[in-house]
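Novice: Below is a structure I'd like to ask you about.
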Amino acid sequence: MPVTSSCRICSGTVREFLDFGRQPLSDAFLTPEDLDGEFFFTLAVGSCESCTMVQLMEEVPRDRMFHESYPYLSSGSAVMREHFQAIAKRFLSAELTGPDPFVVELGSNDGTMLRVIAESGVRHLGVEPSGGVADLAAAKGIRVRKDFFEEATASDILAADGPADVIYAANTLCHIPYMESILRGVDRLLAPGGVFVFEDPYFADILERTSFDQIYDEHFFFFTVRSVQEMARRFGFELVDAERLSVHGGEVRYTLARPGARQPSRAVSDLLAEESAAGVTEPATLEGFASRVGRIREQLPALLGELRDEGKRVAGYGATAKSATVTNYCGIGPELVPFVCDTTAGKQGRLTPGAHIPVRSPEAFSDPYPEYALLFAWNHAEEIMEKEKEFREAGGKWILYVPEVRVV
Ligand code: SAM
Ligand code: TMP
Ligand code: ZN
């Protein structure tokens with residue numbers, strides 16, 4: 001029997017193409033006392049037969065994921081800090097030039113992007129439900145509303161602050177299953193000539209790189225230019241630009257405006273043509289992806305098992321949310337990877353979700369260096385390999401698993 005669900009964009013039939021089985025919450029790093037009550041759900045992904053939107057088959061309640069101790073920090077990567085500074089400057093020079101402009105960021109996290117806006121004196125508001133990271137932003141002098149953005153929040157903001165010239169969301173829109181409420185809220189809050197800009201992992205890149213670890217509880221939607229264009233139309237917007245980004249393993253930054261307000265760029269039609277040529281949501285493409293994922297699932301633990309049997313030491317690098325899918329789907333626990341190091345204070349001293357691998361600070365990595373490092377934060381490979389070049393000089397080797405299992 002094919003497994004189906006109802007599309008969160010168009011109510012069409014979503015047909016499953018890959019099931020990862022029981023998975024924990026990807027950002028629920030545990031203390032030993034938490035082990036008993038660990039939450040699991042079924043992680044499976046499908047594609048809508050009507051609007052092509054790729055999405056999870058099961059939704060995790062939002063308060064389980066985004067709360068006071070949500071650990072992810074936008075400022076954890078130097079490359080991402082530069083990335084957010086660049087988009088803030090672009091908004092300031094290209095969009096926020098009228099009288100008393102106003103910008104709203106959804107999922108403003110620790111304020112890495114809004115800090116640049118705040119320093120320039122432009123009116124702004126971050127909407128961030130995770131209390132701990134919202135407090136970090138507030139401590140930097142950023143105006144934050146601790147809340148989930150949705151239609152009612154948008155009405156409140158409009159009443160208090162007036163319409164927004166820019167609404168921006170990075171790595172946040174794809175986290176939100178209740179899209180109708182979000183886009184109605186954006187419609188309410190956005191000034192007539194304003195833009196809604198959001199950037200998220202690009203499904204065509206996930207297919208090309210077989211980066212199956214982009215699939216986890218928090219990533220509910222996997223956008224393509226085609227599915228975003230349909231979603232925009234359905235909710236009264238027009239997709240006017242789509243810009244490919246190299247961050248986080250390949251993303252697209254989408255710009256939505258009111259219909260007719262802006263001339264759509266060539267990039268939109270070019271990417272639509274590329275997606276259609278590549279057959280990104282064709283059943284055969286999705287089946288091919290699922291079988292490549294199956295191969296990685298066999299090869300990665302086999303390699304780690306061989307290294308263990310040879311007495312080699314392997315450490316994990318980057319306790320990413322993505323790594324929850326890899327460790328739990330491939331059956332990788334502390335017997336294969338005894339610890340994983342990560343710069344995030346809120347993850348250190350805890351155990352990774354489901355697989356229960358201890359998380360240590362990056363200092364543990366060189367004390368002494370292991371022979372191999374499994375790079376879970378492969379999307380930050382350049383930054384990390386540069387920072388850890390002494391590991392290579394000491395004879396260490398990196399293990400990567402996307403697009404295939406290899407040692408470099
Ligand atoms: N924008 C930051 C970045 O790109 O680094 C943070 C991304 S983080 C992966 C996702 C953020 O979205 C979290 O801080 C979470 O609390 C927030 N979030 C989740 N649901 C939200 C909602 N309905 N409205 C606003 N923020 C939300
Ligand atoms: P992300 O892939 O969701 O951005 O998560 C990256 C994780 O990797 C985050 O927990 C921080 C960690 N990290 C390090 O430990 N060292 C680093 O140099 C970088 C860039 C990230
Ligand atoms: Zn649909």
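For the sequence shown, counting from 1, position 179 maps to 179 in the UniProt record's numbering; every step adds exactly one. We treat Cβ as the ideally placed atom computed from N, Cα and C, and that holds for glycine.
If I measure Cβ to Cβ from Ala-381 and keep anything under 7 Å in the same chain, skipping five residues before and after, which residues do I get?
Specialist: Leu-375, listed in sequence order.
Novice: Going by other Cβ atoms of all chains shown within 10 Å of its Cβ, with 16 needed for buried, is Ser-246 buried or exposed?
Specialist: Ser-246 is exposed by the Cβ-count criterion.
Novice: Taking His-124 as part of the beta strand (DSSP E), name the residues at either end of that continuous run.
Specialist: Counting along the chain, the beta strand (DSSP E) containing His-124 begins and ends at 123 to 127.
Novice: Measuring only the C-alpha atoms, how far is Glu-371 from Ile-399?
Specialist: Approximately 10 Å, taken between the alpha carbons.
Novice: I want to know whether the region 235 to 246 touches the region 254 to 274 - three or more CB-CB distances under 8 Å.
Specialist: Yes, since at least three Cβ pairs between the region 235 to 246 and the region 254 to 274 fall closer than 8 Å, the two stretches touch.
Novice: For a quick check, are the C-beta atoms of Ala-355 and Ala-315 less than 8 Å apart?
Specialist: Their beta carbons are not under 8 Å apart, which means Ala-355 does not touch Ala-315 by this criterion.
Novice: The alpha helix (DSSP H) that contains Gly-46, what's its start and end?
Specialist: That residue, Gly-46, is in no alpha helix (DSSP H); its beta strand (DSSP E) goes 40 to 48.
Novice: Which class does Gln-299 belong to by DSSP, given the choice of helix, strand or coil?
Specialist: Note: Gln-299 maps to helix in three-state DSSP.
Novice: At a threshold of 7 Å, does Gly-12 count as lining the ligand ZN (C-beta to nearest heavy atom)?
Specialist: Flag set: Cβ of Gly-12 near the ligand ZN.
Novice: Can you name, in chain order, every residue of its own chain whose Cβ lies under 6 Å from the Cβ of Lys-322, other than the five neighbours on each side?
Specialist: Within the same chain, Lys-322 has close Cβ partners Asp-213.
Novice: Alpha carbon to alpha carbon, what distance is there between Gly-305 and Glu-68?
Specialist: Cα to Cα, the separation comes out at about 38 Å.
Novice: Within a Cβ cutoff of 6 Å, which residues of the same chain sit near residue 451, ignoring the five residues on either side of it in sequence?
Specialist: Since the first residue shown for the chain is 1 and the last is 408, residue 451 is missing from the structure and cannot be characterised.
Novice: Which residues in the same chain as Val-197 place their Cβ atom closer than 6 Å to its Cβ, once the five residues preceding and following it in sequence are excluded?
Specialist: Result list for Val-197: Tyr-168 and Thr-255, in chain order.
Novice: Report yes if the C-beta distance between Val-14 and Ser-5 is below 8 Å; otherwise report no.
Specialist: In this structure, Ser-5 lies closer than 8 Å to Val-14 by Cβ.
Novice: Taking just the CA atoms, how far does Phe-391 sit from Asp-362?
Specialist: For the record, residue 362 in the displayed sequence is Pro; it is not Asp. Those two C-alpha atoms are separated by around 12 Å.
Novice: Can you list, in chain order, the stretches of the alpha helix (DSSP H) that have 4 or more residues and sit fully within the region 73 to 161?
Specialist: Runs of the alpha helix (DSSP H) inside the region 73 to 161: 78 to 94, 114 to 119, 131 to 139 and 151 to 161.
Novice: Consider the C-beta atom of Cys-174 and the heavy atoms of the ligand ZN; say whether any pair is separated by less than 7 Å.
Specialist: False, no ligand heavy atom lies under 7 Å from that Cβ.
Novice: What do you reckon, is the C-beta of Asp-342 under 7 Å from a heavy atom of the ligand TMP?
Specialist: For the ligand TMP, at least one heavy atom lies less than 7 Å from the Cβ of Asp-342.
Novice: Kindly indicate which residue of Gly-107, Arg-123 and Leu-136 has the alpha-carbon position closest to the one of Phe-149.
Specialist: If we check each option's Cα against that of Phe-149, Gly-107 comes out closest.
Novice: Ser-5 lies in the beta strand (DSSP E); which residues open and close that run?
Specialist: Element bounds for Ser-5: 4 to 6.
Novice: With three or more C-beta pairs closer than 8 Å as the rule, is the region 66 to 83 touching the region 38 to 53?
Specialist: They do not touch, by the three-pair rule.
Novice: Between which two residues does the alpha helix (DSSP H) containing Gln-229 stretch?
Specialist: 225 to 234 is the extent of the alpha helix (DSSP H) around Gln-229.
Novice: Decide if the region 138 to 148 is in contact with the region 15 to 34; the criterion is three or more beta carbon pairs, one per stretch, under 8 Å apart.
Specialist: Touching, no.
Novice: Taking the C-alpha atoms as reference points, what is the distance between Ala-88 and Asp-100?
Specialist: Approximately 16 Å between the Cα atoms of the pair.
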